[in-house]
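As numbered in the numbering used here, residues 10 to 230 make up the sequence shown, in order.
Positions of the beta carbon are idealized from the N, C-alpha and C atoms, including for glycine.
Just so we're clear, the structure is a prediction, and the values are computed from it rather than from any experiment.
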Amino acid sequence: VPLALIDGDAITARRTAGAAALGADFLARKDARRLLVLGAGRIAALVPGAMRAVRDIEHVDIWNPRPIRAAVLAESLRKQGIPATPLEGGLDALEAAVRQADIISCATLAEAPLIQRDWLQPGAHLDLIGSFKPSMTEAAPECFLDTEVYVDTDEAALKSGDLLNAFATGRFATSDIRATLEQLCRGQRPGRTDDQAITVFKAVGSALEDLTAAVQVYQKG
């Protein structure tokens, strides 16, 4: 007899945002205050709340290829008491926002890079949680060069278009990945150690994360 019946899509969305925040807790600067979210779907809507659980986020910018969707999400966040602003102006507005953000969280289904390496400022944390197959990519390959790269699981190197494109440059290899989320949680590898470093967290998700989240839901009723 099943112990619980839980909406799988809801669990996946929440554990994705939760894993992003857990990664940011190890990798974002302690004084991170400004969050930029790319995307306006179910996961993007959960990211601000998750990030505010680990950092004192004072403002959230929302960017989406369809500005109306960014506006709708920003309004929803404001109703939750989260200061949020929708961005207009296409890629020019996106570049300006990336340059100002402490944490950039990408939760899109993009198949062409949105984030460029020269937009990332010293001390920024780039969170890539949208792409989960080879055809999908949210950041240019250069974003993985001369930055500190972490993944949720080893599978990210096999599934993520972001990482596969970086490998294809010949200037980035699996040995350049500093740690998995498990290694960070176990204290086997360090997270951020330099406030000027640019950190990158690439997640593709794991069934274990879904199971862990489901157990939490069941136990807490």
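Measuring CA to CA, which of D111, S144, D171, R126 is closest to L137? Position 128 of the sequence shown, counted from the start, is the residue given in the question as residue 137. Comparing Cα positions, the closest option is D171.
Leaving out the 5 sequence neighbours to the left and right, which residues in its chain are closer than 6 angstroms to T208 when beta-carbon positions are compared? Looking up residue 208 in the sequence shown gives position 199. Once the five neighbours on either side are set aside, the close Cβ partners of T208 are L36, H134, E157, R201.
Taking a contact to mean a Cβ-Cβ separation below 8 angstroms, would you say G48 touches A105 in this structure? Against the sequence shown, residue 48 aligns to sequence position 39. Against the sequence shown, residue 105 aligns to sequence position 96. Their beta carbons are not under 8 angstroms apart, which means G48 does not touch A105 by this criterion.
Would you kindly work out how many angstroms separate the C-alpha atoms of I113 and Q228, rounded to a whole number? On the sequence shown, residue 113 is found 104 positions in, with the first residue counted as 1. On the sequence shown, residue 228 is found 219 positions in, with the first residue counted as 1. Each residue's Cα considered, the two are about 32 angstroms apart.
I'd like to confirm the pairing. Which residues does DSSP put opposite P95 in its beta bridges? If you number the sequence shown from 1, residue 95 lands on position 86. Its beta-bridge partners are I71.
Just how far apart, CA to CA, sit Q130 and V10? The count along the sequence shown starts at 1 and reaches residue 130 at position 121. The count along the sequence shown starts at 1 and reaches residue 10 at position 1. Those two C-alpha atoms are separated by around 53 angstroms.
Nearest to L31 by alpha carbon, out of G230, A212, L220? Taking the sequence shown and counting its residues from 1, one reaches residue 31 at position 22. With distances taken between Cα atoms, L31 lies closest to A212.
Cβ distance (whole Å) where I124 is taken to contact A149 below 8 angstroms: In the sequence shown, the residue the question calls residue 124 occupies position 115. In the sequence shown, the residue the question calls residue 149 occupies position 140. About 7 angstroms separates the two Cβ atoms, so the contact holds.
Leaving out five residues before and five after E67 in sequence, what residues of the same chain have Cβ atoms less than 8 angstroms from its Cβ? Counting from 1 along the sequence shown, the entry for residue 67 is found at position 58. For E67, where only same-chain residues beyond five positions count, the Cβ hits under 8 angstroms are R42, R43, P92.
Thinking T162 and A121 are a contact (beta carbons under 8 angstroms), I'd like their distance in whole angstroms, please. As a position in the sequence shown, residue 162 is number 153, starting the count at 1. As a position in the sequence shown, residue 121 is number 112, starting the count at 1. Not a contact, Cβ separation roughly 25 angstroms.
Alpha-carbon to alpha-carbon, Q89 and P74: Looking up residue 74 in the sequence shown gives position 65. Looking up residue 89 in the sequence shown gives position 80. If you take the alpha carbons of P74 and Q89, they lie about 23 angstroms apart.
Give me, in chain order, the residues of the same chain whose beta-carbon lies closer than 8 angstroms to that of A13; leave out the 5 immediate sequence neighbours on both sides. In the sequence shown, the residue the question calls residue 13 occupies position 4. Here the set comprises A223, V226, Y227.
With DSSP collapsed to three states, give me the class of L193. As a working note, residue 193 is residue 184 in the sequence shown. Helix, per DSSP.
Quick check on T25: buried or exposed, where buried means 16 or more other Cβ atoms within 10 Å of its Cβ? One-based indexing of the sequence shown puts residue 25 at position 16. Under this definition T25 is a buried residue.
In the DSSP assignment, the alpha helix (DSSP H) including K168 goes from what residue to what residue? In the sequence shown, residue 168 corresponds to position 159, counting from 1. From DSSP, the alpha helix (DSSP H) with K168 extends over 165-168.
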